[in-house]
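S.K.:
Residue numbers (my numbering), protein chains in the order written: chain A, 1 to 337; chain B, 1 to 108.
1. Whole angstroms are fine: how far does the CA of residue 9 of chain B sit from the CA of residue 154 of chain A?
2. With distances taken from CA atoms, which of A:30, A:26, A:128 and A:22 is nearest residue 9 of chain A?
3. Taking Cβ-Cβ distances shorter than 8 Å, what residues in chain B pair up with residue 253 of chain A?
4. Could you work out which residues of chain A lie near residue 25 of chain B, taking near to mean beta carbons separated by less than 8 Å?
5. Determine which residues share a DSSP beta bridge with residue 35 of chain A and list them.
6. At what residues does the beta strand (DSSP E) containing residue 195 of chain A begin and finish?
7. Between residue 313 of chain A and residue 278 of chain A, is the Cβ-Cβ spacing less than 9 Å?
8. For residue 120 of chain A, return the contacting residues in chain B, with the cut-off set at a CB-CB distance below 7 Å.
9. Can a CB atom of chain B be found closer than 9 Å to the CB of residue 47 of chain A?
10. Just the C-alpha distance for residue 316 of chain A and residue 25 of chain A, rounded to the nearest angstrom, thanks.
11. At 3 residues or longer, what runs of the beta strand (DSSP E) sit wholly inside the segment 238-275 of chain A?
12. Anything in chain A within Cβ reach of residue 75 of chain B, meaning under 7 Å, just list it in chain order.
13. Going straight from the alpha carbon of residue 112 of chain A to that of residue 6 of chain A, what length do you get?
14. Between residue 144 of chain A and residue 231 of chain A, what straight-line distance do the alpha-carbon atoms span, to the nearest angstrom?
15. First and last residue of the beta strand (DSSP E) that includes residue 160 of chain A?
16. Please specify which runs of the alpha helix (DSSP H), each continuous and at least 4 residues long, are wholly inside the segment 294-329 of chain A, giving them in chain order.
17. Return the first residue and the last residue of the beta strand (DSSP E) that residue 15 of chain B is part of.
18. Assuming residue 83 of chain A and residue 107 of chain A make a contact with CB atoms under 8 Å, what is their CB distance in whole Å?
19. Could you tell me the alpha carbon to alpha carbon distance between residue 283 of chain A and residue 75 of chain A, rounded to whole angstroms?
20. May I ask you to report which of helix, strand or coil DSSP gives residue 35 of chain B?
21. Could you give the distance in angstroms between the alpha-carbon of residue 28 of chain B and the alpha-carbon of residue 57 of chain B?
22. Under three-state DSSP, which class holds residue 227 of chain A?
23. Who does residue 109 of chain A pair with in a DSSP beta bridge?
24. Using a Cβ cut-off of 7 Å, pull out every chain A residue sitting near residue 80 of chain B, in sequence order please.
25. Can at least three beta-carbon pairs, one atom from the segment 127-137 of chain A and one from the segment 216-227 of chain A, be found at a separation below 8 Å?
26. For residue 73 of chain A, report the span of its alpha helix (DSSP H) as first-last.
27. Pull the bridge partners of residue 214 of chain A from the DSSP assignment, please.
28. Taking 9 Å as the CB-CB limit, is residue 70 of chain A close to chain B?
29. Can you tell which of A:37, A:105, A:12 and A:110 has the C-alpha that lies nearest to the C-alpha of residue 4 of chain A?
30. From what residue to what residue does the alpha helix (DSSP H) around residue 170 of chain A run?
31. Below 7 Å CB to CB, which residues in the same chain sit around residue 83 of chain B once its five sequence neighbours on both sides are set aside?
32. Give a yes or no on whether the minimum CB-CB distance between residue 71 of chain B and chain A is below 9 Å.
33. Using a Cβ cut-off of 9 Å (strictly closer), state whether residue 68 of chain B contacts chain A.
34. Whole angstroms are fine: how far does the CA of residue 175 of chain A sit from the CA of residue 14 of chain A?
35. At the level of alpha carbons, what is the spacing between residue 97 of chain B and residue 140 of chain A?
36. If the cut is a Cβ gap below 9 Å, which residues of chain B does residue 268 of chain A touch?
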């Protein structure tokens, strides 16, 4: 098992999490950054790397991807370490006030303070409202994503959804599974015309079945899924024997496991004290889009400010007896760790 | 020409509530509805990424067609109506004056 020791464990490698490394570095605090995504930059890298941002002080415009590269250069002197592609699951507070943060893959990060900079949270599959659907989760026939297509070899599948992933997986799994039925509530695929054409031709060739104007409304089985009911918009129903049902209704950002950490939550965000952006649990701080307080603005520049104040709070938490004097980079330049 | 528009939100009981929005603030409809006390998560902050500001347009002026990002998000949602839109992608401007809408349940 991978084990890491650091001063501050920063959860989230978006712009605010990265800048927190710099502010911590000025106070000689080392940081380890964890992110569920495989690369740094958060939304900026994942969603809009080529989009210009106009409200970063000192930059009339800067591409999101360039801002991330600049931040990485800016924090380089402080030698941050990273665990990427692993979602943080839980934490344990130790008797000495330090923490052990654990990721989904079992990596343990022993740290003296935690800074949650998780942005929108983690992207989780949107689940359709079907009674008892959750009883077939966890390998019993209902899957919200396709991790390994081979797991569906020679199975009878029903996929539901009308977006890119529903179409793309229907095309891919048509060659792998025994039968694939795609159920879509509408008649059009407005987001992905090319893939829709491919699915239609698979349907005409008899290699996949496309059921339009319909929804999967019931799931059946005894311990393991064995059938679904498809209800058409005109009210007619059809029961279909299946091995797996794959609802693909996109991903939606959720607070994720952090929501279960016992922190005070409001409006799906971590409530903080704006003195130092501390949460309701001493030693755990929250900065950027994931926190909330009166007057909160979800702006990168506000997150940078929050990062600076958070580091002061973290420093005091880690060194309760030291009297801290703010260092200005204009006087000493950037120190190194 | 005033610098305000009126939109009408159909509540669960069928009553319509007038919501007045300024056109000179660069707001979108999601922000106006949220500021008016409606329970909208808008997790992504207006980037057509989360689908939690889903509304159904019931009547009023014809709006501009949704953009590609909005189309893709709408199509991926479990429930779609004829008038489905993401309110974060609709600008508060003269063109929407008189719009009648209702909020779709979160996550649909």
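Even for Gly, the Cβ is constructed at its ideal location relative to N, Cα and C.
M.R.: The relevant details are as follows:
1. Here residue 154 of chain A is taken as the residue at index 154 of the first chain, counted from 1. Here residue 9 of chain B is taken as the residue at index 9 of the second chain, counted from 1. Residue 154 of chain A and residue 9 of chain B have their C-alpha atoms some 49 Å from each other.
2. Position 9 of the first chain, counting from 1, holds the residue named residue 9 of chain A. It is A:30 whose Cα lies nearest to the Cα of residue 9 of chain A.
3. As a working mapping, residue 253 of chain A is identified with position 253 in the first chain. Near residue 253 of chain A (Cβ distances below 8 Å), the residues of chain B are 43, 44, 49 and 50.
4. Reading the second chain from its first residue, position 25 is the one you call residue 25 of chain B. In chain order: nothing, as chain A lies at least about 14 Å away.
5. Here residue 35 of chain A refers to the residue found at position 35 when the first chain is read from its first residue. Looking at the DSSP output, residue 35 of chain A shares a beta bridge with A:84.
6. Numbered from 1 along the first chain, position 195 holds the residue referred to as residue 195 of chain A. Secondary structure note for residue 195 of chain A: it is in no beta strand (DSSP E), and the uninterrupted alpha helix (DSSP H) holding it is 193-204.
7. Residue mapping note: residue 313 of chain A aligns to position 313 of the first chain, counting from 1. Residue mapping note: residue 278 of chain A aligns to position 278 of the first chain, counting from 1. Yes, the Cβ-Cβ distance between residue 313 of chain A and residue 278 of chain A is below 9 Å.
8. Here residue 120 of chain A is taken as the residue at index 120 of the first chain, counted from 1. The contacting residues are 43 and 44.
9. Counting from one through the first chain, the residue named residue 47 of chain A turns up at place 47. Chain B, which has a Cβ nearer than 9 Å to the Cβ of residue 47 of chain A, makes this yes.
10. Within the first chain, numbered from 1, the residue matching residue 316 of chain A stands at position 316. Within the first chain, numbered from 1, the residue matching residue 25 of chain A stands at position 25. If you take the alpha carbons of residue 316 of chain A and residue 25 of chain A, they lie about 14 Å apart.
11. Secondary structure in the segment 238-275 of chain A: the beta strand (DSSP E) runs of 3 residues or longer, each lying completely within the stretch, are 244-247, 251-254 and 269-271 in chain order.
12. Position 75 of the second chain, counted from the start, is the residue given in the question as residue 75 of chain B. Residues of chain A passing the Cβ test: 162, 163, 189, 190 and 191.
13. Here residue 112 of chain A is taken as the residue at index 112 of the first chain, counted from 1. Here residue 6 of chain A is taken as the residue at index 6 of the first chain, counted from 1. If I take the Cα positions, the gap works out to 7 Å.
14. Stepping through the first chain from its first residue, residue 144 of chain A is reached at position 144. Stepping through the first chain from its first residue, residue 231 of chain A is reached at position 231. Rounded to whole angstroms, the gap between the alpha carbons of residue 144 of chain A and residue 231 of chain A is 20 Å.
15. Here residue 160 of chain A refers to the residue found at position 160 of the first chain. Where residue 160 of chain A is concerned, the enclosing beta strand (DSSP E) starts and stops at 156-160.
16. Unbroken alpha helix (DSSP H) stretches of 4 residues or longer found wholly inside the segment 294-329 of chain A: 300-318, given in chain order.
17. Counting from one through the second chain, the residue named residue 15 of chain B turns up at place 15. From DSSP, residue 15 of chain B is part of no beta strand (DSSP E); its letter is neither H nor E.
18. The residue labelled residue 83 of chain A in the question sits at position 83 within the first chain. The residue labelled residue 107 of chain A in the question sits at position 107 within the first chain. That belief holds up - the Cβ atoms of residue 83 of chain A and residue 107 of chain A are roughly 5 Å apart, short of 8 Å.
19. Within the first chain, residue 283 of chain A is the residue found at index 283, counting from 1. Within the first chain, residue 75 of chain A is the residue found at index 75, counting from 1. If I take the Cα positions, the gap works out to 23 Å.
20. The residue you call residue 35 of chain B lines up with position 35 of the second chain. In this structure, residue 35 of chain B counts as helix in the three-state DSSP scheme.
21. Here the question's residue 28 of chain B lines up with position 28 in the second chain. Here the question's residue 57 of chain B lines up with position 57 in the second chain. Cα to Cα, residue 28 of chain B sits roughly 15 Å from residue 57 of chain B.
22. Position 227 of the first chain holds residue 227 of chain A. Of the three classes helix, strand and coil, the one that applies to residue 227 of chain A here is strand, per DSSP.
23. Position 109 of the first chain holds residue 109 of chain A. Its beta-bridge partners are A:4 and A:101.
24. In the second chain, counting from the first residue as 1, residue 80 of chain B sits at position 80. Simply 185 and 186.
25. They touch, by the three-pair rule.
26. Here residue 73 of chain A corresponds to residue number 73 of the first chain, with the count starting at 1. Boundaries of the alpha helix (DSSP H) harbouring residue 73 of chain A: 64-75, taken from the DSSP string.
27. For this step, residue 214 of chain A is matched to residue 214 along the first chain. DSSP output for residue 214 of chain A lists A:232 as bridge partner(s).
28. In the first chain, residue 70 of chain A corresponds to position 70, counting from 1. Among the residues facing chain B, residue 70 of chain A is not included, as its CB has no counterpart in that chain under 9 Å away.
29. Numbered from its first residue, the first chain carries residue 4 of chain A at position 4. Residue 4 of chain A has its Cα closest to that of A:110, out of A:37, A:105, A:12 and A:110.
30. Taking the first chain and counting its residues from 1, one reaches residue 170 of chain A at position 170. For residue 170 of chain A, the enclosing alpha helix (DSSP H) covers residues 164-173.
31. The residue you call residue 83 of chain B lines up with position 83 of the second chain. So the list reads 56, 57 and 58, once near-sequence residues are dropped.
32. If you number the second chain from 1, residue 71 of chain B lands on position 71. It does: the Cβ of residue 71 of chain B has a partner Cβ on chain A nearer than 9 Å.
33. As a first step, residue 68 of chain B must be located in the second chain, where it is residue number 68. At least one chain A Cβ lies under 9 Å of residue 68 of chain B.
34. Taking the first residue of the first chain as position 1, residue 14 of chain A is located at position 14. Taking the first residue of the first chain as position 1, residue 175 of chain A is located at position 175. Those two C-alpha atoms are separated by around 38 Å.
35. On the second chain, position 97 is the one that residue 97 of chain B refers to. On the first chain, position 140 is the one that residue 140 of chain A refers to. The alpha-carbon separation between residue 97 of chain B and residue 140 of chain A amounts to approximately 50 Å.
36. Counting from one through the first chain, the residue named residue 268 of chain A turns up at place 268. Contact annotation for residue 268 of chain A against chain B: 41 and 43 [CB-CB distance below 9 Å, chain order].
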